[in-house]
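**Q** Add 48 to the 1-based position in the sequence shown for this note's numbering, that's all there is to it.
Each residue gets a CB set at the ideal place from its N, CA and C atoms; glycine is no exception.
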Amino acid sequence: MKSEIIQQLDARILLLDGAMGTMIQQYKLTDRDYKGNRFSDITIELKGCHDILSLTCPDIIADIHRKYLEAGADIITTNTFNANTISLRDYGLEDYSYEINLEAARIARREADKISAITPSRPRFTAGTVGPTNKTSSMSADIMNPASREVTFSELVEAYKRQIEGLIDGGTDIILIETVFDTLNAKAALYAVDEVAECRGKEIPVMISATMYDSSGRTLSGQTLEAFYTSVSHARLLSVGLNCAFGPSQLLPYAIRLAKIAECRVSCHPNAGLPNALGEYDETPEAFAAKIEEYLKEGCVNIIGGCCGTTPRHIHEISKFIDNYPPREIPERDHTLRLSNLEQLCIAPESNFINIGERTNVAGSAKFAGLIREGNFTEAVSIARRQIEAGAQIIDVCMDDSMINGAEAMQTFLNLIASEPEIARVPVMIDSSDWNVIEAGLRACQGKCIVNSISLKEGEESFLSKAKRIRRYGAALVVMLFDEEGQADTYEKKCKVAERSYRLLTQHGFPAEDIIFDPNILTIATGIAEHDSYAADFINALRWIKEHLPHCHLSGGVSNLSFAFRGNNHIREAMHSVFLFHAIAAGLDMAIVNSQMLRVYSEIEPQLLTLIEDLIFMRRPDATERLIEYSTSATNDIVPSTTDETISETLPVEQRIRRLLLKGISDGLENDLKEAQEQHPSALKIIESMLMPAMDEIGILFGEGKMFLPQVIKSARVLKEAISILAPSMKATHSPISHGKVLIATVRGDIHDIGKNIVSLVVGCNGYEVTDLGVMAEAKMIADKAEQLKPIAIMLSGLITPSLNEMVEVCKELERRDIRIPVIIGGATTTPLHTALKIAPEYSGVVLHAPDASYNSRFLARLRSDDSQLFIEQTKAGQEKLRQDYQNSLSKSARLLSIEAARNKSIKKTVPSPMPKSTERFVAIDFDIAEVEPFINWD
């Protein structure tokens, strides 16, 4: 059933009252009147603190309300514009915020009810006024420190909650968030309303009204009108509107603009003209009303009233004709994804492809990551600027790095770019696997951003809880296609998880157009048959999602696709371009991609284009080998082509075996091994002196980008075949033939397992018995299995930053049980420094960091060798040096920052007015990409 106010709004235009301050001034009150008996002992002058009059002069406030109601107002606004703890602190009255709002709402309620009783067919309503406070949360008040803020989002939320609780308890019908000059402040107020509504178990109708700063049509914090509306549109608004700053003539064009885009009702309450030289308003009630009638003729409002300078007479003049005009009709939702920062970005079905810049992602740019770690945010900001100059329409900001305080870095960086209009005009994608970092980003963005990402990996309850919070902050979201069982890596599972996620979100009120699915772009051409269909499955899933899940959008991280060809940018660029060409045609709306690693589809050489499309669409079983042959011949790689299967028999047997492993072919392997056995009767000696050195060389070549992942996999398979050929001899002289047991797991909180599975395969091919505990493995489970198996090593995998904390917990559990088995960790977020600083100190055993998959077999071999103890001691000594160097660097950085702070303080004292924008400093564009890949970095 529709509420009473909705019924009235459907039937007619409602008349809002006029200014409160203008009317209070007519009573010529003194400071003693403001203080009354209750606050007579306060030494601070309270004259001008109109809000306190609801406690000290309630009859005057009631009289003002009565006059507006008698003039014809349908909605009267409470005397609470500055009745929040932040603004009241200037008078030492912050502790009275709740009481002031409570009493102000009660006064308005009583007066409205009296008139409603006389005219029951035309009920009167009260709106609890919530002003913007006297602080701004999206701009710095310190010209020397653009990252600083006078007030935080959380402080605003708490202040607004206290105010809104008082208004609601006093009987207010509507919350009116008005005179918005900083949209981030307004978003905090909306967040507070939502929290109070949830706590009280009731819906709270909300009106929100912005003020334009000047004739440019932007708010004081720089947003266009369209961007402002987009930023607050998540809040199920009763109305959105404009007030203050302008008179009715100047405000009308903006009201018309707002009426064209708002999918809710529109309100306007302009000033009584522009202020004169004395700051007073001269526009007569008759002249004001005549201009207001133009709004009604345009059909652009549902609620109309007055702001500064208006009186009951102004409102009465409007009441004479307001019923002659119908209310503005609310348009149908068009299900366009609208994002914003200073400007609006619309992503409709017919929109062009959206390029999301990846260079402000610590995993997408080694240069950016280094700058953030160093605290060099000035240069980091310049990278964001260059991305936008290169055509990025959204920038992806990620601070997930083991040696970075992600939440702090995210907030600082977003605060800094907010002061750069050429950067801040585009929306932000807040990219993190750490919820605390995501929230830090959401609390710093006045626009409507994108959260990347959430998934079903921790179950439906966690999924919906995070989605609800994201919606409360006013953001769109990326849904990664994972569930409790892991990554959706097939067409069928992608569709299944997408449908389930879509159903859960939309059934719980999340708009379909604000859902962006990432169906997981995974690496192809790995040499593992199960991976061959990854690209085609992704493209086919795009089509299915677009057809079956209306209004949602699609995205992905493109660089994963080509990781098997790491080191050959020519091939990777072409693969990205070809893949995007077909993915966009299938429905891909946006993607995180380095635009510098893209080529024009039509300009890719025909042979290479055919080879790549053969690979993507699985048109030939030998597509991987053919592309490898092309890539190695094109780059004159030192590794022979895999299709060249002739090896000169004149080479020594050691060289022939080495080349068979390098080429990943087994023809002639058995004969060569027999010849080797004739020279070296010990099969174990052949493994240690011929096979393992060759595999070490392969690992080094892969790490240098001189071999590709499918070649490494083929080489590992040849090694496994070689060991099986030598097995009979091994049994005769060595028992057992296994090199030992290895325990591997993806730690709790992480469900990425594709990279881990490749590591398991490679290690298994090197003669180790692998026990794989799968994903989301808890510390207790890992320790229990380690006690049971007694492996030679425990291998821990994790992609996301929270995995690092879980690895620490695993080591603590092992330490508690007096287990000293070597631990090898790997993953995109792991680093040698983090391992030395945070993980190794928690464990008496050794903790080894594997930068990529090639290190694991080498580590295992060293742990089995005669000098294993020396290897362990050297590792621990190296980690101790890393810790000392890090502490020394911190001390040096602290000294430099202290000098810089002193210098800035000195400069600030000598600068009487805002400094001009300093000359931009540019750094060399870096072309290397430290991607978060599902392979080699263990997920």
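(1) Under 8 Å by Cβ, that's how I've got L390 and Q271 pegged, so tell me the actual separation to the nearest angstrom.
(2) Tell me which residues share the same chain as T408 and place their Cβ nearer than 7 Å to its Cβ, disregarding the 5 neighbours each side in the sequence.
(3) If you compare alpha carbons, which of G249, T883 and A834 is closest to E854?
(4) Roughly how many angstroms separate the alpha carbons of A236 and S202, rounded to a whole number?
(5) Which of helix, strand or coil does DSSP assign to I256?
(6) Rounding to the nearest angstrom, what Cα-Cα distance links H98 and L590 in this structure?
(7) Can you tell me whether L767 is helix, strand or coil according to DSSP?
(8) At the level of alpha carbons, what is the spacing between P360 and Y116?
(9) Tell me where the alpha helix (DSSP H) around N233 begins and ends.
(10) Count the other CB atoms within 10 Å of the CB of R865; is the residue buried (16 or more) or exposed (fewer)?
(11) For D190, which residues of its own chain have a beta-carbon under 7 Å away from its beta-carbon, when the five flanking residues on both sides are left out?
(12) Which residues in the same chain have their Cβ closer than 7 Å to the Cβ of A428, if we skip the five residues on either side of it in sequence?
(13) Looking at the strands, I want to know which residues DSSP matches up with C316.
(14) Taking 8 Å as the cut-off, decide whether the C-beta atoms of R906 and G747 are in contact.
(15) Under 8 Å, do T184 and S257 count as touching if we go by C-beta distance?
(16) Looking at C-alpha atoms only, which residue of M255, E213 and E274 is the closest neighbour of R248?
(17) Bridge partners for K733 per DSSP, in chain order?
(18) Tell me, to the nearest whole angstrom, how far the beta carbon of S450 is from that of T849; I am working on the premise that it is less than 8 Å.
(19) Which class does Q922 belong to by DSSP, given the choice of helix, strand or coil?
(20) So, at 6 Å on beta carbons, what are the nonlocal neighbours of S413 in its own chain, with the 5 sequence-adjacent residues on each side left out?
(21) In angstroms with no decimal places, state the Cα-to-Cα distance between P870 and A283.
(22) Which ranges would you report for the alpha helix (DSSP H) in the stretch 536-577 if only whole runs of at least 4 residues count?
(23) Taking the beta strand (DSSP E) that Q392 falls in, what are its first and last residues?
(24) Cα separation between E826 and K833?
(25) What's the gap between the Cα of C316 and the Cα of G454?
(26) Between which residues of its own chain and K542 is the CB-CB distance below 6 Å, once the five residues before and five after are set aside?
(27) The beta strand (DSSP E) with V626 in it runs from where to where?
(28) For P688, collect the residues of the same chain with a Cβ closer than 6 Å to its Cβ; drop the 5 residues on either side in sequence, then sort them by chain order.
(29) According to DSSP, what are the bridge partners of V429?
(30) Since L385 is in the beta strand (DSSP E), which residue starts that stretch and which ends it?
(31) Just checking, does the stretch 377-391 make contact with the stretch 604-611 on the three C-beta pairs under 8 Å criterion?
(32) Please give me, in chain order, every unbroken run of the beta strand (DSSP E) with length at least 3 that falls completely inside the stretch 51-125.
(33) Considering only DSSP beta bridges, list what I640 is partnered with.
(34) Would you kindly work out how many angstroms separate the C-alpha atoms of S954 and I632, rounded to a whole number?
(35) Report the three-state DSSP secondary structure of C813 (helix, strand or coil).
(36) What are the residues that DSSP puts in a beta bridge with F586?
**A** Taking the geometry as given:
(1) Here L390 really is in contact with Q271; their C-beta atoms are around 5 Å apart, less than 8 Å.
(2) Cβ neighbours of T408 beyond the five flanking positions: F416, I431, A432, Q435, I443, D444 and V445.
(3) Ranking G249, T883 and A834 by Cα distance to E854 puts T883 first.
(4) Rounded to whole angstroms, A236 to S202 spans 8 Å at the Cα level.
(5) It is a strand residue.
(6) L590 has its alpha-carbon roughly 58 Å from the corresponding atom of H98.
(7) Three-state result, L767: helix.
(8) Cα-Cα distance, rounded: 5 Å.
(9) From DSSP, the alpha helix (DSSP H) with N233 extends over T231 to R248.
(10) With fewer than 16 Cβ atoms within 10 Å of its Cβ, R865 is classed as exposed.
(11) Apart from the 5 residues on each side of it in sequence, D190 sits with its Cβ closer than 7 Å to the Cβ of S196 in its chain, given in chain order.
(12) The residues are F416, L419, I420 and F461.
(13) Beta-bridge pairing links C316 to L290 and I352.
(14) Yes; because the gap between Cβ atoms is below 8 Å, this pair is in contact.
(15) No, the pair does not count as a contact, with Cβ atoms beyond the cut-off.
(16) The residue with the shortest Cα to Cα distance from R248 is E213.
(17) Looking at the DSSP assignment, K733 forms no beta bridge with any residue, so it has no partner.
(18) Between T849 and S450 the Cβ distance is about 7 Å, and since that is below 8 Å, they are a contact.
(19) For Q922, the secondary structure class from DSSP, reduced to helix, strand or coil, is helix.
(20) Beyond the five residues adjoining it in sequence on each side, S413 comes within less than 6 Å, by CB distance, of R407 in the same chain, given in chain order.
(21) Going from the Cα of P870 to the Cα of A283 covers about 53 Å.
(22) Taking only runs of at least 4 residues, the alpha helix (DSSP H) segments lying wholly in the stretch 536-577 are 539-555.
(23) Unbroken beta strand (DSSP E) run through Q392: Q392 to I395.
(24) If I take the Cα positions, the gap works out to 11 Å.
(25) Their backbone Cα atoms lie some 42 Å apart in a straight line.
(26) Taken in chain order, the residues that qualify are L529, A536, P567 and A589.
(27) Counting along the chain, V626 falls outside any beta strand (DSSP E), though it belongs to the alpha helix (DSSP H) covering N617 to A634.
(28) At P688 the pLDDT is 42, less than 50, meaning the model places this residue with poor confidence; the figure from the coordinates comes in the next sentence. Excluding the 5 residues flanking it on each side, P688 has same chain C-beta neighbours closer than 6 Å at K711, in chain order.
(29) According to DSSP, V429 bridges with nothing at all.
(30) It spans L385 to S388 - the beta strand (DSSP E) in which L385 sits, taken as one unbroken run.
(31) Under the 8 Å Cβ criterion, the stretch 377-391 does not count as touching the stretch 604-611, having fewer than three qualifying pairs.
(32) Correct list: 123-125.
(33) According to DSSP, which records beta bridges pairwise, I640 is partnered with I404 and G605.
(34) With a pLDDT of 41 at S954, under the threshold of 50, the predicted position of this residue should be treated as unreliable, though the coordinate-derived value follows. When rounded, the distance between both Cα atoms is 54 Å.
(35) Secondary structure of C813 (DSSP, three-state): helix.
(36) DSSP, once it has assigned bridges, lists no residue as partnering F586.
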